[in-house]
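What follows is one structure encoded as structure tokens, with my remarks underneath.
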Amino acid sequence: MDFPLTRVNPWFSGGCDGRPRVRLCALPYAGGTAAVFKDWPAALPPGVELLTAHLPGRGDRFTEPPPATLEETAERLCEALPPSDLPTVVLGHSMGALLGYEVAARLAARGRAPNLLIAAACRPPHVPPDASGPVTEAELAATLRAERPWDTALRDEELMEAVLPALVADITAGDRYHRPRPRPLDLPLKVYIGADDDGTDWRTTLGWRACTARDCEVVVLPGGHYFLETDRAAVLTRVATDLAEAEAGA
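Residues 1 to 250, numbered by UniProt numbering, are exactly what the sequence shown covers, in order.
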């Protein structure tokens, strides 16, 4: 059943169908907005409180400069996350997965450890980024159009001019982010990867196992790097399963 997402504070929108039983905090990929998750309320099971992140430099926060590092963004997100006694799942896609790891670590340090971290389509924090040097906005635009042929909004030149600065800032922050040693979190971890994601290396993906002192499961889903959008039904079916597991284990 669909439900509206209302703004909780500058950093989050939230909503739930019925009485909340479990919380899902969703973090978008580089350059992404909360709109990445706009169709999720219609597909999530009743009782799931969905919180979607609004990051600076995009959407209605377009005029705000993005933080220079993922660590700073994670700290601000933790400060803004409304307190709750609900079992909590943090989900992040691509850059959002690194952000999710940092958010989970900070919440744990505050005595609010999530019950599960879902890291989708991303290298582990201790694996160095595959940074090939500075990328121009024109190169990024061409890459995006090639990777997301279904996304007609990318053909709008004015829109691209508006979104590219946030994307460049996110990619720069992601390329700077690297933990030399794994820091295992005391919480379960699920790693989602796309079966057709050319940027996914299995050996690298398995490195996420070093990021938890608990169970780590690698889940292969249909689609490429943006399977969160192209294969939404399969993703949401799996998310519902993992939410139920987190709730039952709380």
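Quick reminder that beta carbons are idealized off the backbone N, C-alpha and C, glycines included.
Bear in mind the structure is a predicted one, so any value in this text is a computation, not a measurement.
Around the CB of Thr-237, fewer than 16 other CB atoms lie within 10 Å, so the residue is classed as exposed. Rounded to whole angstroms, Gly-47 and Thr-136 show a C-alpha spacing of 44 Å. Less than 7 Å divides the Cβ of Thr-204 from the Cβ of Val-127. Per DSSP, Cys-211 lies in no beta strand (DSSP E) and is assigned neither H nor E. In the pairwise beta carbon analysis, the stretch 191-207 is classified as not touching the stretch 163-172: fewer than three pairs are separated by under 8 Å. Boundaries of the beta strand (DSSP E) harbouring Gly-92: 88-93, taken from the DSSP string. The beta carbon of Leu-140 is closer than 8 Å to those of Leu-164, Leu-167, Val-168, Ile-171 in its chain, skipping five residues each way along the sequence. By the beta-carbon neighbour count (other beta carbons within 10 angstroms, threshold 16), Trp-202 is exposed. Taking 7 Å as the cut-off, the Cβ atoms of Gly-111 and Leu-27 do not count as close. Taking 7 Å as the cut-off, the beta carbon of Gly-224 is found closer than this to the beta carbon of Gly-194. Proximity to Ala-246 across Leu-86, Arg-155, Glu-102 peaks at Leu-86, based on C-alpha coordinates. A straight line joining the alpha-carbon of Pro-20 with that of Ala-234 spans about 23 Å. Ala-138 is the residue among Ala-138, His-178, Gly-18, Leu-221 whose C-alpha sits nearest the C-alpha of Ala-162.
Rounded to the nearest angstrom, the gap between the Cα atoms of Leu-81 and His-93 is 18 Å. With fewer than 16 other beta carbons inside 10 angstroms of its own, Leu-206 counts as exposed. With respect to the C-alpha of Pro-83, the residue from His-178, Thr-212, Arg-232, Arg-23 having the closest C-alpha is Arg-23. Following the DSSP letters along the chain, one finds Leu-44 in no beta strand (DSSP E), marked with neither H nor E. The DSSP-derived three-state label of Val-218 is strand. In terms of Cα proximity to Leu-187, the closest of Pro-114, Arg-148, Asp-175, Pro-129 is Pro-114. Less than 7 Å divides the Cβ of Leu-117 from the Cβ of Ala-104. Distances from the CA of Phe-62 to each of Ala-108, Ala-34, Ala-42 were compared; the closest alpha carbon is that of Ala-34.
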